[in-house]
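Written below as structure tokens is the structure these notes are about.
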Amino acid sequence: MQLKKKPASARRDAISVGSALAAATCALLGQTAGASESVEDWTFDSAVLYYSESDRVTAVEPVVRGTRTFEDDSELSLKLTFDSLTGASHNGAIVSDTGVQTFTSPSGSTIYRTNPGDVPLDDTFKDTRSAVNGQYTWNLSRTWRATTGLNYSTEYDFTSLGANAGLMWDLNERNSTLTLAFAHESDTIDPVGGVPTALTWQSDRVRTGTSSEDRSINDFLLGWTQVMNRRWIMQLNYNLSASSGYHTDPYKVVTLVDAAGNPEDSSTVGATDIGDGDAQLMEQRPDSRTKHAVYWENRYTRQNDDVVAMSYRFMTDDWGINSHTVDLRYRWKMQNDWFLQPHVRWYSQSAADFWRESITVAEANLIQATQDDVSADYRLGDLTDVTVGLKFGRELASGSKWNARLEFFQQSGDTDAADVDALIGQVGYTFYW
Amino acid sequence: MRTAVVVFLVLLAGCQQAPVKPWERDILAREDMIPGEAEGLDDALDDHIYFSKEGSSGGRGFGGGGCGCN
Numbered sequence: 051m052q053l054k055k056k057p058a059s060a061r062r063d064a065i066s067v068g069s070a071l072a073a074a075t076c077a078l079l080g081q082t083a084g085a086s087e088s089v090e091d092w093t094f095d096s097a098v099l100y101y102s103e104s105d106r107v108t109a110v111e112p113v114v115r116g117t118r119t120f121e122d123d124s125e126l127s128l129k130l131t132f133d134s135l136t137g138a139s140h141n142g143a144i145v146s147d148t149g150v151q152t153f154t155s156p157s158g159s160t161i162y163r164t165n166p167g168d169v170p171l172d173d174t175f176k177d178t179r180s181a182v183n184g185q186y187t188w189n190l191s192r193t194w195r196a197t198t199g200l201n202y203s204t205e206y207d208f209t210s211l212g213a214n215a216g217l218m219w220d221l222n223e224r225n226s227t228l229t230l231a232f233a234h235e236s237d238t239i240d241p242v243g244g245v246p247t248a249l250t251w252q253s254d255r256v257r258t259g260t261s262s263e264d265r266s267i268n269d270f271l272l273g274w275t276q277v278m279n280r281r282w283i284m285q286l287n288y289n290l291s292a293s294s295g296y297h298t299d300p301y302k303v304v305t306l307v308d309a310a311g312n313p314e315d316s317s318t319v320g321a322t323d324i325g326d327g328d329a330q331l332m333e334q335r336p337d338s339r340t341k342h343a344v345y346w347e348n349r350y351t352r353q354n355d356d357v358v359a360m361s362y363r364f365m366t367d368d369w370g371i372n373s374h375t376v377d378l379r380y381r382w383k384m385q386n387d388w389f390l391q392p393h394v395r396w397y398s399q400s401a402a403d404f405w406r407e408s409i410t411v412a413e414a415n416l417i418q419a420t421q422d423d424v425s426a427d428y429r430l431g432d433l434t435d436v437t438v439g440l441k442f443g444r445e446l447a448s449g450s451k452w453n454a455r456l457e458f459f460q461q462s463g464d465t466d467a468a469d470v471d472a473l474i475g476q477v478g479y480t481f482y483w
Numbered sequence: 024m025r026t027a028v029v030v031f032l033v034l035l036a037g038c039q040q041a042p043v044k045p046w047e048r049d050i051l052a053r054e055d056m057i058p059g060e061a062e063g064l065d066d067a068l069d070d071h072i073y074f075s076k077e078g079s080s081g082g083r084g085f086g087g088g089g090c091g092c093n
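Here's what the structure looks like:
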């Protein structure tokens, strides 16, 4: 699924090695993953996600995952994901209260305008994505397990191919598991209309002459899963991610403004005139990024069998972004195998060093002269997000399970473009075959 | 910062009670007590949403085939 318009840094589902970590935890708990399946049966988890923003993107994402555990306790997991995306995406320009702004579409073939007070949105895209993941986990000895996986994802302007491998070691009477894993991902970005030359004016439609750009990502993960007591388990992960290559979003611009903050015309900088407020600079991001993330999850079962789950993540990177994420769920066990689960998530991030809401002529001249980085993508600015939701479901007599959730996601930041409201709906069904 | 991390890890290790025996793991073996498994496909779907809308990612796991959405 692609909820925002195109590229810069890669996407990872956090699924492959996440599944392996879950498998490691299962080994630690002395059982096979997918608690109730029998050996050599397939367990199928399926879901359809619906995501809809007010006036912007709508996505529908069906996904199915088949997992089979063999007699030697090894496990194979295969996953298919499809995305369908429609709607409009913020193009990076400011929300001006006073002036009309004019832009070219990504292909450069059409021109569109944004009226004063409106968030500049590019509505010319529609996309689908297909992704497949495979992961195999097996025992090396009574206390050591290994895992390896492949993943491939494709959409019309982006292709990703990745591989991962990891080791899990059970110790302390299988009350502890240490995980060490590596992953490599190679991405190819093929922007519609060619690769724009960064820091040029959008109205000039300057292209680099190359049809695609590349990016590679190396991930390292060190995990510690610990049984604290009969009712409490925790997981602590450290994740280092280093990427190099093309991180720029080829569809994002930065608005040139006058001293009063109003959009400038391209004639101010000698660029091609396509209309009012058309001085929009193509953004540029660094060609590398190093991220450090620490993730801590706790799950605790109360005396009445209700489960409290809490997680916290701290992330910091060399772009200057620091973020905190807190996630809290309470699974309320009801009669007849029903459950009800309220969910709250809170997220806060600081802005990247090169983020600007807009730039002046003097700043643009300096940035162009020094080839400095600049982006107005609100996702790299100060941001605070809140998600509130409710999930419910039931296990049926056959052992199959279904669930549904409804959540509300709200973003806010320093700019009007960052104010996003979204509805998240999902239905899921698990069965054995 | 490093001191705080060390103190946190020591406190965490200190919180662990006597090792839980295999026959005492009825509660821990439930699917809703397994990190990464308890929420089924939700974790991956959520990671995808938030990766697309925020400047952060990672921590819970990695690898899975991307999109160019950030």
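Sequence lines, in order, name chains A and B.
This note's numbering puts the first residue of the first sequence at 51, with every later residue one more than the last.
This note's numbering puts the first residue of the second sequence at 24, with every later residue one more than the last.
Glycine is no exception: its CB is placed at the ideal position from the N, C-alpha and C atoms.
Keep in mind the model is a prediction, meaning the values are calculated, not measured.
1) Against chain B, with Cβ distances strictly below 8 Å, would Gln-399/A count as a contact?
2) Give the secondary structure of Thr-198/A by DSSP, where H, G and I count as helix, E and B as strand, and everything else as coil.
3) Mind checking the region 322–345 of chain A against chain B and listing, in chain order, the residues whose C-beta falls within less than 8 Å of any C-beta there?
4) With the cut-off set at 8 Å, would you say Arg-395/A and Asp-423/A are in Cβ contact?
5) Using a 10 Å radius around the Cβ and a threshold of 16 neighbouring Cβ atoms, would you call Thr-82/A buried or exposed?
6) What are the residues in the region 248–260 of chain A lying within 7 Å of chain B by C-beta distance?
7) Nearest CA to the CA of Gly-325/A: which residue from Phe-132/A, Ser-139/A, Asn-165/A and Asp-91/A?
8) Please report the distance separating the alpha-carbon of Asn-168/A from that of Thr-298/A.
9) Does chain A have any CB closer than 8 Å to the CB of Met-24/B?
10) Hey, is the region 346–358 of chain A in contact with the region 431–447 of chain A, meaning 3+ C-beta pairs nearer than 8 Å?
11) Taking Trp-388/A as the reference, give the member of Thr-247/A, Leu-200/A, Thr-229/A and Ala-454/A with the closest Cα.
12) Candidates Thr-204/A, Asp-355/A and Tyr-186/A: which alpha carbon is nearest Thr-197/A's?
13) When DSSP builds the beta bridges, which residues end up paired with Met-384/A?
14) When DSSP labels each residue in this structure, what does Gly-37/B get in the three-state scheme?
15) Given Thr-174/A, which residues of its chain have a CB within under 6 Å of its CB, disregarding the five upstream and five downstream residues?
16) If distances are taken between C-alpha atoms only, which option among Gln-418/A, Ser-134/A and Tyr-162/A comes closest to Val-319/A?
17) Please name the residues in the region 44–66 of chain B whose beta-carbon is closer than 9 Å to at least one beta-carbon of chain A, in chain order.
18) Quick one: any contact between the region 74–85 of chain B and the region 393–408 of chain A, if contact means 3 or more CB pairs under 8 Å?
19) Just to confirm my understanding: we take Trp-382/A, look at its own chain, exclude 5 residues before and 5 after, and list those with CB closer than 6 Å. What are they?
20) Judging by CA-CA distance, which residue of Arg-281/A, Leu-446/A, Phe-153/A and Gly-243/A is the nearest neighbour of Gln-385/A?
21) Using the C-alpha atoms, what's the distance from Leu-171/A back to Phe-208/A?
22) For Gly-199/A and Glu-103/A, what's the separation of their Cα atoms in angstroms?
23) Does DSSP classify Leu-249/A as helix, strand or coil?
24) Hey, quick one: how far does the beta strand (DSSP E) through Val-358/A stretch, first residue to last?
25) Distance check for Ser-338/A and Thr-152/A, CA to CA, integer angstroms please.
26) Using the beta-carbon of each residue, which ones in chain D are nearer than 8 Å to Tyr-101/A?
27) Sort Ser-96/A, Ala-138/A and Gly-149/A by Cα distance to Leu-128/A and report the nearest one.
28) Rounded to a whole number of angstroms, what is the C-alpha to C-alpha distance between Thr-178/A and Ala-41/B?
Once the coordinates are examined:
1) The sequence position of residue 399/A within the first sequence is 349, counting from 1. At least one chain B Cβ lies under 8 Å of Gln-399/A.
2) For the purposes of this step, residue 198/A is taken as the residue at position 148 of the first sequence. In this structure, Thr-198/A counts as strand in the three-state DSSP scheme.
3) Lys-341, Ala-343, Val-344 and Tyr-345
4) Taking the first residue of the first sequence as 1, we reach residue 395/A at position 345. Taking the first residue of the first sequence as 1, we reach residue 423/A at position 373. Taking 8 Å as the Cβ cut-off, Arg-395/A and Asp-423/A do not qualify as a contacting pair.
5) Taking the first sequence and counting its residues from 1, the one referred to as residue 82/A is at position 32. Because Thr-82/A carries a pLDDT of 43, less than 50, the predicted location of this residue cannot be relied on, and no value is offered for it.
6) none
7) In the first sequence, counting from the first residue as 1, residue 325/A sits at position 275. The shortest C-alpha separation from Gly-325/A is found at Asn-165/A.
8) By 1-based counting over the first sequence, the position of residue 168/A is 118. By 1-based counting over the first sequence, the position of residue 298/A is 248. According to the sequence displayed, residue 168/A carries Asp and not Asn. Each residue's alpha carbon lies about 25 Å from the other.
9) In the second sequence, counting from the first residue as 1, residue 24/B sits at position 1. Not one chain A Cβ lies under 8 Å of Met-24/B.
10) no
11) If you number the first sequence from 1, residue 388/A lands on position 338. The residue with the shortest Cα to Cα distance from Trp-388/A is Ala-454/A.
12) Translated into the one-based positions of the first sequence, residue 197/A becomes position 147. Considering only alpha carbons, the answer is Tyr-186/A.
13) Here residue 384/A refers to the residue found at position 334 when the first sequence is read from its first residue. Answer by DSSP bridge pairing: none, since Met-384/A is not bridged.
14) Residue numbering aside, residue 37/B sits at position 14 when the second sequence is read from its first letter. It is helical.
15) Indexing the first sequence from 1 puts residue 174/A at position 124. Once the five neighbours on either side are set aside, the close Cβ partners of Thr-174/A are Ser-155.
16) Position 269 of the first sequence, counting from 1, holds the residue named residue 319/A. Val-319/A has its Cα closest to that of Gln-418/A, out of Gln-418/A, Ser-134/A and Tyr-162/A.
17) Lys-44, Pro-45, Glu-47, Arg-48, Asp-49, Ile-50, Leu-51, Ala-52, Arg-53, Glu-54, Asp-55, Met-56, Ile-57, Pro-58, Gly-59, Glu-60, Ala-61, Glu-62, Gly-63, Leu-64, Asp-65 and Asp-66
18) yes
19) As a first step, residue 382/A is located in the first sequence; it is residue number 332 there, counting from the start. The residues are Asp-356 and Leu-390.
20) The residue labelled residue 385/A in the question sits at position 335 within the first sequence. Here the closest residue by C-alpha is Leu-446/A.
21) By 1-based counting over the first sequence, the position of residue 208/A is 158. By 1-based counting over the first sequence, the position of residue 171/A is 121. The straight-line gap from Cα to Cα measures roughly 21 Å.
22) Numbered from 1 along the first sequence, position 149 holds the residue referred to as residue 199/A. Numbered from 1 along the first sequence, position 53 holds the residue referred to as residue 103/A. Roughly 33 Å between the two C-alpha positions.
23) In the first sequence, the residue the question calls residue 249/A occupies position 199. If DSSP states are grouped into helix, strand and coil, Leu-249/A belongs with coil.
24) Residue 358/A sits at position 308 when you count from the first residue of the first sequence. From DSSP, the beta strand (DSSP E) with Val-358/A extends over 357–367.
25) As a working mapping, residue 152/A is identified with position 102 in the first sequence. As a working mapping, residue 338/A is identified with position 288 in the first sequence. Spanning the two alpha carbons is a distance of roughly 31 Å.
26) Annotation note: the requested chain D is absent from the structure, which comprises protein chains A and B.
27) Within the first sequence, the letter at position 78 stands for residue 128/A. The residue with the shortest Cα to Cα distance from Leu-128/A is Ser-96/A.
28) On the first sequence, residue 178/A is found 128 positions in, with the first residue counted as 1. On the second sequence, residue 41/B is found 18 positions in, with the first residue counted as 1. Each residue's alpha carbon lies about 51 Å from the other.
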